[in-house]
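K.L.:
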Amino acid sequence: MYKKILILGDSGRGKTTLALKLSNKFNIPHYDTDDFFWKIKYSEPAIRDQSVIEVNKIYDTSEWVMSGSTRHLIMYGLDKADIIFVLKFKSILYQYYFIIKRSIYKEEEKIADLWNLLTHVTKKKYKKGYGSHAPLIEELIDVYKKKVIVFHSLKEIENYLFSI
């Protein structure tokens with residue numbers, strides 16, 4: 000059984016949903032890079048160096064499920080993880096579905112947050128504006144191929160969860 004699980008993918012891929020399922024199944028604590036990235040959720044980012052120090056403390060523990068996409072917060076975890084799951088669905092509609100579904104069930108999220116996230120996802124998908132020069136997840140995980148599983152659909156995720 001894996002004790003250090005890293006789940007990667009862009010916003011709205013279902014990383015948190017998968018992480019919570021694995022966390023509950025294996026009784027391992029779940030963390031999200033957003034919890035380290037934001038000082039005030041979706042409003043004020045934390046100090047970058049401090050957030051890296053804090054997330055690395057988690058990576059140095061014996062058990063964790065970490066989900067996220069923030070490059071500087073996943074780097075150390077790539078090496079420490081026993082397994083890396085990458086959620087890479089072809090259609091942007093999957094992303095929109097997850098984001099809108101999430102915003103319906105999370106009371107703390109506002110319409111402005113939803114709009115900003117949908118805009119971010121669209122710009123990132125089509126490499127427009129900020130983050131267009133950031134390394135792709137595929138580039139970051141290339142050296143870790145032996146411990147990477149890529150999911151291309153919700154069906155693949157469900158089949159995997161059923162098999163373990």
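Going left to right, the sequence shown walks through residues 0 to 163 as numbering that gives the first Met the number 0 numbers them.
The beta-carbon is built from N, C-alpha and C at its ideal position, and this holds for glycine as well.
Source: prediction; values computed, not measured.
If we count the other Cβ atoms within 10 Å of its Cβ and call it buried at 16 or more, is K24 buried or exposed?
P.N.:
K24 should be labelled exposed.
K.L.:
Does DSSP put M0 in a helix, in a strand, or in coil?
P.N.:
Coil, per DSSP.
K.L.:
Run the CB neighbour count on R47, radius 10 Å, all protein chains shown included, and call it buried at 16 or more, exposed below.
P.N.:
By the neighbour-count rule (16 or more Cβ atoms within 10 Å), R47 is not buried but exposed.
K.L.:
Where do the ends of the beta strand (DSSP E) carrying S50 lie?
P.N.:
That residue, S50, is in no beta strand (DSSP E); its alpha helix (DSSP H) goes R47 to Y58.
K.L.:
Using a Cβ distance threshold of 8 Å, determine whether the stretch 2-22 contacts the stretch 50-57, with at least three qualifying pairs required.
P.N.:
Contact between the stretch 2-22 and the stretch 50-57 is absent, because fewer than three Cβ pairs lie under 8 Å.
K.L.:
Among F88, F161, F84 and H151, whose alpha-carbon lies nearest the alpha-carbon of I140?
P.N.:
Nearest C-alpha to I140: F84.
K.L.:
Just reading off the beta strand (DSSP E) that S66 is part of, what are its end residues?
P.N.:
Counting along the chain, the beta strand (DSSP E) containing S66 begins and ends at W63 to G67.
K.L.:
Have a look at G8 and K14 and give me their C-alpha separation to the nearest angstrom.
P.N.:
Their backbone Cα atoms lie some 7 Å apart in a straight line.
K.L.:
Write down the C-beta distance between I27 and K2 rounded to the nearest angstrom, noting that I regard them as a contact closer than 8 Å.
P.N.:
Yes, I27 and K2 are in contact; Cβ-Cβ is about 7 Å, under 8 Å.
K.L.:
Considering only heavy atoms of the ligand FMN, does any lie closer than 7 Å to the CB of N26?
P.N.:
Ligands in the displayed structure: none, and consequently the ligand FMN is not present.
K.L.:
Can you tell me whether D31 is helix, strand or coil according to DSSP?
P.N.:
Note: D31 maps to strand in three-state DSSP.
K.L.:
Have a look at Q49 and L5 and give me their C-alpha separation to the nearest angstrom.
P.N.:
Those two C-alpha atoms are separated by around 20 Å.
K.L.:
Considering only residues of the same chain and omitting the five flanking positions on each side of L72, which have a CB-CB separation below 8 Å?
P.N.:
Excluding residues within five positions, the ones whose Cβ falls inside 8 Å are T32, F35, F36, S50, V51 and V54.
K.L.:
Using the Cα positions of L77 and G67, report the straight-line distance between them to the nearest angstrom.
P.N.:
Taking the straight line joining both Cα atoms gives about 12 Å.
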